[in-house]
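Quick note: the sequence shown uses the numbering used here, first residue 188, plus one each step. Don't be surprised by glycine CBs; every beta carbon is placed ideally from N, CA and C. On a predicted model such as this, the values are computed, not experimentally measured, just so you know. Here the structure is laid out as structure tokens; the discussion comes afterwards.
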Amino acid sequence: MSTTTDSEFSLQKIMSWGLVIALGGVATVVALVSIANAVKGGGKPVDAEAIKLRIAPVAAVTIAAPVAAGGGARSGEQIYKGACSACHDAGVANAPKLGDKGAWAPRIALGLDGLLKSAIAGKNAMPPKGGSDANDTELARTIVYMANKSGASFKEPAAK
Ligand code: HEC
188 MSTTTDSEFS
198 LQKIMSWGLV
208 IALGGVATVV
218 ALVSIANAVK
228 GGGKPVDAEA
238 IKLRIAPVAA
248 VTIAAPVAAG
258 GGARSGEQIY
268 KGACSACHDA
278 GVANAPKLGD
288 KGAWAPRIAL
298 GLDGLLKSAI
308 AGKNAMPPKG
318 GSDANDTELA
328 RTIVYMANKS
338 GASFKEPAAK
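This is the structure:
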């Protein structure tokens with residue numbers, strides 16, 4: 188009985204080693220193929236292209252943003268939605284609401300220059316530039332957008 192166990196055991200051992208050697212062989216072949224591919228550079232250019240394509244829109248936005256900020260390329264509507272709507276949509280802290288002709292009429296009477304001046308400096312609860320990073324041209328454009336939605340017919344200033 189113990190002999191059978193021994194021989195079974197050694198048979199198992201031999202089979203295990205055989206398996207290890209066989210797996211080792213497979214692993215070696217896989218490794219060699221990978222190395223060969225890496226050396227050839229097979230697939231690598233495709234990967235780089237794919238990555239470039241995938242990040243392209245992000246890269247474009249990153250490049251476009253500073254240009255827009257410097258050149259004043261953002262529209263009044265864009266700035267309004269990003270920086271002014273928080274107060275002027277709902278009339279927070281008595282901010283004149285967008286489209287509220289009654290609230291805007293006395294302000295429109297100040298003219299675009301007057302409104303721009305108070306918007307740049309800030310007025311009561313309104314922080315300077317409405318807390319935005321808009322330049323003067325962009326700010327003027329935003330005021331034109333707001334005032335014209337609320338009864339004015341200001342002309343939009345040209346980009347500088
Ligand atoms: C934190 C809230 C808040 C934000 C954000 C804000 N405003 Fe105002 N805004 C006000 C308030 C309050 C008033 C009314 C001030 C007053 O007359 O007492 C006002 C008034 C104004 C006026 C009229 C000024 C005048 O002389 O009567 C203009 C123009 C204006 N805002 C433009 C903007 C623009 C453009 C932005 C975005 C870039 C902006 N605001 C963002 C609160 C805000």
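| Item | Value |
| --- | --- |
| Beta carbon of residue 302: closer than 6 Å to some heavy atom of the ligand HEC? | yes |
| Could you name the residues that DSSP lists as bridge partners for residue 313? | 310 |
| Can you find a C-beta in chain C that's less than 7 Å from the C-beta of residue 299? | Protein chain content of the structure displayed is limited to a single chain, and chain C is not contained in it. |
| Between 312, 209, 339, 271, which lies nearest to residue 294 when the distance is taken from Cα to Cα? | 339 |
| Taking all protein chains shown into account, decide if residue 313 is buried (16 or more other Cβ within 10 angstroms of its Cβ) or exposed. | buried |
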